[in-house]
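Have a look at the structure below before the remarks.
Number of protein chains: 2
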Amino acid sequence: MLQLSKFPFKTLKSAPKVSDNRSTSLLLQWGYIRQAMAWAYEFLPIGQRVLSNIEQIIREEMDRAGYHEMLMTILTPREYWETTNRWEIPEYFKVPGWGNTEYRIAPTNEENVTPILWEFIQSYKDLPTCVYHIQKKFRNEKRAKSWLLRGREFIMKDAYSFHASIEDFDAFYADVKQVYMRVFERLGLWDDTVIADADGGAISDKNSHEFQTYLEVGEDIIVSDSSGYCYNLELACGVPDNKNIDETEQAMEYIDSTAEIVNMEKMTKYFDAPSWQMLKTVVYKLDTSWRFIAVAIRWDLDINEIKLRKFIAAQYDDTFTLANESDLENLGTVRGFISPLKESNLDIECFWDESLRTVKNFFGWANTVAKSTKNVNLSDLAISEFWDFSEPKQGFTSLNVEGEKLTFKKASEVGNIFHLGTKYSKPFGLSYLDENNKMQDQVEMWCYGIGVSRLMWVMAEYFMTEKWIGWPEDIAPASYYIIVMWEDNLQIARKIASDLESSWETVILDDRMGRKDGFGQKAGDCELWGVPNRIVISPKTLEQWGYELLKRGEESKIIKIS
Amino acid sequence: MLQLSKFPFKTLKSAPKVSDNRSTSLLLQWGYIRQAMAWAYEFLPIGQRVLSNIEQIIREEMDRAGYHEMLMTILTPREYWETTNRWEIPEYFKVPGWGNTEYRIAPTNEENVTPILWEFIQSYKDLPTCVYHIQKKFRNEKRAKSWLLRGREFIMKDAYSFHASIEDFDAFYADVKQVYMRVFERLGLWDDTVIADADGGAISDKNSHEFQTYLEVGEDIIVSDSSGYCYNLELACGVPDNKNIDETEQAMEYIDSTAEIVNMEKMTKYFDAPSWQMLKTVVYKLDTSWRFIAVAIRWDLDINEIKLRKFIAAQYDDTFTLANESDLENLGTVRGFISPLKESNLDIECFWDESLRTVKNFFGWANTVAKSTKNVNLSDLAISEFWDFSEPKQGFTSLNVEGEKLTFKKASEVGNIFHLGTKYSKPFGLSYLDENNKMQDQVEMWCYGIGVSRLMWVMAEYFMTEKWIGWPEDIAPASYYIIVMWEDNLQIARKIASDLESSWETVILDDRMGRKDGFGQKAGDCELWGVPNRIVISPKTLEQWGYELLKRGEESKIIKIS
Numbered sequence: 065m066l067q068l069s070k071f072p073f074k075t076l077k078s079a080p081k082v083s084d085n086r087s088t089s090l091l092l093q094w095g096y097i098r099q100a101m102a103w104a105y106e107f108l109p110i111g112q113r114v115l116s117n118i119e120q121i122i123r124e125e126m127d128r129a130g131y132h133e134m135l136m137t138i139l140t141p142r143e144y145w146e147t148t149n150r151w152e153i154p155e156y157f158k159v160p161g162w163g164n165t166e167y168r169i170a171p172t173n174e175e176n177v178t179p180i181l182w183e184f185i186q187s188y189k190d191l192p193t194c195v196y197h198i199q200k201k202f203r204n205e206k207r208a209k210s211w212l213l214r215g216r217e218f219i220m221k222d223a224y225s226f227h228a229s230i231e232d233f234d235a236f237y238a239d240v241k242q243v244y245m246r247v248f249e250r251l252g253l254w255d256d257t258v259i260a261d262a263d264g265g266a267i268s269d270k271n272s273h274e275f276q277t278y279l280e281v282g283e284d285i286i287v288s289d290s291s292g293y294c295y296n297l298e299l300a301c302g303v304p305d306n307k308n309i310d311e312t313e314q315a316m317e318y319i320d321s322t323a324e325i326v327n328m329e330k331m332t333k334y335f336d337a338p339s340w341q342m343l344k345t346v347v348y349k350l351d352t353s354w355r356f357i358a359v360a361i362r363w364d365l366d367i368n369e370i371k372l373r374k375f376i377a378a379q380y381d382d383t384f385t386l387a388n389e390s391d392l393e394n395l396g397t398v399r400g401f402i403s404p405l406k407e408s409n410l411d412i413e414c415f416w417d418e419s420l421r422t423v424k425n426f427f428g429w430a431n432t433v434a435k436s437t438k439n440v441n442l443s444d445l446a447i448s449e450f451w452d453f454s455e456p457k458q459g460f461t462s463l464n465v466e467g468e469k470l471t472f473k474k475a476s477e478v479g480n481i482f483h484l485g486t487k488y489s490k491p492f493g494l495s496y497l498d499e500n501n502k503m504q505d506q507v508e509m510w511c512y513g514i515g516v517s518r519l520m521w522v523m524a525e526y527f528m529t530e531k532w533i534g535w536p537e538d539i540a541p542a543s544y545y546i547i548v549m550w551e552d553n554l555q556i557a558r559k560i561a562s563d564l565e566s567s568w569e570t571v572i573l574d575d576r577m578g579r580k581d582g583f584g585q586k587a588g589d590c591e592l593w594g595v596p597n598r599i600v601i602s603p604k605t606l607e608q609w610g611y612e613l614l615k616r617g618e619e620s621k622i623i624k625i626s
Numbered sequence: 065m066l067q068l069s070k071f072p073f074k075t076l077k078s079a080p081k082v083s084d085n086r087s088t089s090l091l092l093q094w095g096y097i098r099q100a101m102a103w104a105y106e107f108l109p110i111g112q113r114v115l116s117n118i119e120q121i122i123r124e125e126m127d128r129a130g131y132h133e134m135l136m137t138i139l140t141p142r143e144y145w146e147t148t149n150r151w152e153i154p155e156y157f158k159v160p161g162w163g164n165t166e167y168r169i170a171p172t173n174e175e176n177v178t179p180i181l182w183e184f185i186q187s188y189k190d191l192p193t194c195v196y197h198i199q200k201k202f203r204n205e206k207r208a209k210s211w212l213l214r215g216r217e218f219i220m221k222d223a224y225s226f227h228a229s230i231e232d233f234d235a236f237y238a239d240v241k242q243v244y245m246r247v248f249e250r251l252g253l254w255d256d257t258v259i260a261d262a263d264g265g266a267i268s269d270k271n272s273h274e275f276q277t278y279l280e281v282g283e284d285i286i287v288s289d290s291s292g293y294c295y296n297l298e299l300a301c302g303v304p305d306n307k308n309i310d311e312t313e314q315a316m317e318y319i320d321s322t323a324e325i326v327n328m329e330k331m332t333k334y335f336d337a338p339s340w341q342m343l344k345t346v347v348y349k350l351d352t353s354w355r356f357i358a359v360a361i362r363w364d365l366d367i368n369e370i371k372l373r374k375f376i377a378a379q380y381d382d383t384f385t386l387a388n389e390s391d392l393e394n395l396g397t398v399r400g401f402i403s404p405l406k407e408s409n410l411d412i413e414c415f416w417d418e419s420l421r422t423v424k425n426f427f428g429w430a431n432t433v434a435k436s437t438k439n440v441n442l443s444d445l446a447i448s449e450f451w452d453f454s455e456p457k458q459g460f461t462s463l464n465v466e467g468e469k470l471t472f473k474k475a476s477e478v479g480n481i482f483h484l485g486t487k488y489s490k491p492f493g494l495s496y497l498d499e500n501n502k503m504q505d506q507v508e509m510w511c512y513g514i515g516v517s518r519l520m521w522v523m524a525e526y527f528m529t530e531k532w533i534g535w536p537e538d539i540a541p542a543s544y545y546i547i548v549m550w551e552d553n554l555q556i557a558r559k560i561a562s563d564l565e566s567s568w569e570t571v572i573l574d575d576r577m578g579r580k581d582g583f584g585q586k587a588g589d590c591e592l593w594g595v596p597n598r599i600v601i602s603p604k605t606l607e608q609w610g611y612e613l614l615k616r617g618e619e620s621k622i623i624k625i626s
């Protein structure tokens, strides 16, 4: 029983000025959290209760599914990270020990779990298996939001599963999805939580997913249509909207450049043309072959780096960096004035974003500071191939439902599933004996994250109203809040509180009796802390031989005291 | 329900060769833990269950007493540690961030809790208050035992209380002691756990205590008598036993030194004299005043550094280091041959351990390599004062019960209470308004530790038998272990398991059906994991329409299946 008369962590009159995010500010003001330093928060008793309630729901659902909880170390040996070639990652902390020894405080635990399972996985009968733990993680973030999101220190549930094949995962994944759905359902978030396909990084696109909760201040954008298509913006595809495609093509003209058209911003103003009618070209240098390629796109669209990375990997089996000034000079063009005009004869292979098909009579450059061009059309350009390089924008239509505009909504990631393939199992040498007693060394791994401290923030943001945070009943810092008016009634209140505790309820007893501790203050704190059931014991309720019970969303009623 | 058919963390045939401690080896062999690197352990699912059961008992008792659980950060800002002048402690890790930033991963949390409470303690009404958290701690240990004790990473419950005065603590301490006793009682350790007075370091001896559990492999020694006297050896006092005190004093003689009496080891042999008849003298240099003092003691006894530190602090308000070779030369003596003979006229103030009173006719040195002495008596020596400098030894008698020999027993520390005084509250500027609305800046702090991962080791060691670890019922990795013989009986077993789970029992279902998974293997694992209730479902029990239930320490019986 939390007795407020002995509780120093009072709600503050105003929020400490450390965050520009409303829910983080409220959590600070209402005594849930405190900032230890930028991007690292202490959880005060009220916040700790919310946190451990969230944690408990996750744990229950993971256990119900038969995943095994364990507890891995935070301090990890350097050798583990060298084995997977991940020691030199600047966002991961290195911790010097004695002499030349260095450790890492774990940002994630693939490097722990793989050598552990290496010792225990021996036969195909041991697969699939899934283990998890709930523990703090650390990232050496260069910059982060002063929000209670991922910071330098955060709490994660991370699970890892091991499979004999990718096919084996399919059945397993159906289970995991159920587990995640039940978690978000119990947290009250499911109605606004979607499963978005995620970038599986270098390993695989299939089977990597993000669970995203729609939030107005979300840091991600989810693109979807009514067919069930649902992607993070960084992976989404769509059909660019037609612009002036019905216009007649004009003959290309050169224009003498002046200070008024020295960049695209100025050019749109000068010609009073829309930004989509500007032609932008970016040149990349391939890292291994040192070849140069260019991508041309509408100026109002962005080249999606993930799409480009995959395209270059598929076409050239290579990676890339931006071409620099002297590269461009050698190629016969000028930074800021690149254009793949046929007439310029640049020695660069040029690719074209699909969006270029929808525009006629572009404005653009001419590989010299002195000239610009207008009425540029595809026939004027050295074209190699069209490809989808762009990040979709409001107005793009669905690839699946003809004519339907894509929906864009902000969201925050609450969970994810990533295919790790054999990225970790190979270097650590995982193997097992199959049904025919043959050694197999292809162990497929997946990982599954749920951000626990992040969820506390997402839920605060999601359940926040003008006046309080309406935590779901299982998450609130207590299930009952008892307001006692008059010292004489304390004994009755304590009796009611301990009766409730005997039936596994958690109770905050507001037994403060100071001059300033009126009913308003007490009822206010009950609201701020989002406690769903409020009991009032006062001379007035006792006149009716009872206490007042107010359940959230119901009418209050008097309960007789037996 | 933990289904062993899908559980890869099997018990091993033999222990990995990483520890020379039996219980640690057994925990490794039986799948409770795994070594991630020296002195940092991973808790595998079976071990994690034990750990979280221990944690839960501690939490329940702390909460019952009204202490507030919170969760502080692991990563802490350097400024906090500079405020208390503790940044430069080599056993505490420093973690480099971007640029010149450095953090610390917390070895203890005074530096978090004090600035947090600084924000919330405002009035005398907020005192006393006590907060705690359960979290991993980190120490950059140079060397540690390869036992599951304190290592580089360990789990602690650390609590901190804040008081308006030392007197205020007395009532509070009675509560805390009750809480600790209930914890150790519930863990089954209380009968062999004692409260020893501990060294309060520089701050205070009063009110600092260690909770020590007697263990044959314990790393501490507890000295006690039947009066209730109970001290860690490093602080214990006793009366040295009389040696040859009834002998007649002989006149002191000089002996020409030979290679055969060049050190005390050789001297005892040469004269066939007992080690207690050798006179040892150690010279110290005071750090501030640069004065020299000497302490003389029986050679078979050790000078207790803590006693010496307190003596010098009280007498000289100073600290000390050992005098070096050239110091000794300047003083007119020689390293290894020091003796405070009156005739030598050394310019050193000499103090005498009480033990010297019980011996006559010492052998000793003469401040020169050339000579030794025999039949040295107190009248031959330059005496300033007698004092108790020695660490008690078997044979010493109690100061409280006349004639009673002190008892020496090995023990392991499971909890402690330390008086922190204002060491942290002053630098962080804690203050509050007293009853008269006057600002007070004297906030007394105490801290209270319980080592959670250490307790798992202590309990393993304490409850270990030749064949298993007999965890108390609330601590065992499960309350029921169900052995199923024959695949046909799986369904009945699952039904019994889920009925047990509905009544809040935890169940391990041994549904392994492989060729090697006979009854012996299964019953063995049940024992190794210390599960207190074993159920067997086999054709034989089903012939009797039931299952066999074997409760630890009882006769097995058949329970009819309804």
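Protein chains in written order, with my numbering: chain A, 65 to 626; chain B, 65 to 626. Positions of the beta carbon are idealized from the N, C-alpha and C atoms, including for glycine.
Limits of the alpha helix (DSSP H) - the one that residue i falls within
i, result
"residue 333 of chain B", "328-335"
"residue 237 of chain A", "230-250"
"residue 111 of chain B", "109-128"
Three-state class that DSSP yields for residue i in the structure shown
i, result
"residue 455 of chain B", "coil"
"residue 220 of chain A", "strand"
"residue 81 of chain B", "coil"
"residue 522 of chain A", "helix"
"residue 184 of chain A", "helix"
"residue 301 of chain B", "coil"
"residue 289 of chain B", "coil"
Exposure of residue i, with buried meaning 16 or more beta-carbon neighbours within 10 Å
i, result
"residue 266 of chain B", "Confidence at residue 266 of chain B is low in this model, with a pLDDT of 44, below 50, so its placement is unreliable and no value can be given for it."
"residue 240 of chain B", "buried"
"residue 300 of chain A", "buried"
"residue 619 of chain A", "exposed"
"residue 162 of chain B", "exposed"
Top-ranked residue by Cα proximity to residue i, from the options
i, options, result
"residue 213 of chain B", "B:589, B:572, B:476", "B:476"
"residue 413 of chain A", "A:346, A:423, A:125", "A:346"
"residue 544 of chain A", "A:553, A:79, A:593", "A:593"
"residue 524 of chain A", "A:190, A:541, A:510, A:508", "A:541"
"residue 129 of chain B", "A:567, A:480, A:535, A:67", "A:67"
"residue 342 of chain A", "A:427, A:616, A:246", "A:427"
Residue i: contacting residues in chain B (beta-carbon distance under 8 angstroms)
i, result
"residue 98 of chain A", "180, 183"
"residue 106 of chain A", "134, 135, 136, 137, 176, 180"
"residue 541 of chain A", "In chain order: nothing, as chain B lies at least about 11 angstroms away."
"residue 204 of chain A", "161, 162"
Neighbouring residues, chain B, relative to residue i (Cβ below 7 angstroms)
i, result
"residue 140 of chain A", "100"
"residue 74 of chain A", "184"
Host beta strand (DSSP E) of residue i (start-end)
i, result
"residue 385 of chain A", "384-386"
Chain-ordered neighbours of residue i on chain A, where CB pairs are closer than 7 angstroms
i, result
"residue 216 of chain B", "139"
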